[in-house]
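Just so you know, we're using this note's numbering here: the sequence shown kicks off at 13 and counts up by one. Cβ coordinates follow ideal geometry from the N, Cα and C atoms, glycine included.
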Amino acid sequence: MKAGIHPDYVECKIICSSCGSEVETHATTSEMRVDLCSQCHPFYTGKKRIVDRAGRVDKFNQRRAAANKPAKEEKTEA
Ligand SMILES: [Zn+2]
């Protein structure tokens, strides 16, 4: 290896932001954060779960509820 051009190879902890599980490995950085991991991703758990961290599903349901409300009295101009 050529001296002075390679990054340090250190112990690294990978932390899942969703379920909090940790994996220890080695990398050039000491900590990584991931949104999903194999402990909590629906593909691996086999459980149907909506992965929604930004509240988008709730916003969508609110918009649908608003759209399904009966329209207010329509003004009839005659
Ligand atoms: Zn996870």
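Own chain residues within Cβ distance below 8 Å of residue i, not counting five before or after
i, result
"H38", "Y21, V22, E23 and C24"
Nearest-angstrom Cα separation, counted from residue j out to residue i
i, j, result
"Q74", "N80", "10 Å"
"C31", "E43", "16 Å"
"R61", "P82", "31 Å"
"A15", "Q51", "39 Å"
"G67", "M13", "48 Å"
Nonlocal neighbours in the same chain, by C-beta distance under 6 Å from residue i, ignoring five residues either side
i, result
"C28", "V46 and C49"
Residues bridged to residue i (per DSSP)
i, result
"R45", "I27"
"H38", "E23"
Of the residues the options, the one placed nearest residue i, counting alpha carbons only
i, options, result
"T40", "H18, D70 and M13", "H18"
Own chain partners of residue i with C-beta closer than 7 Å, once the 5 adjacent residues on each side are dropped
i, result
"A77", "none"
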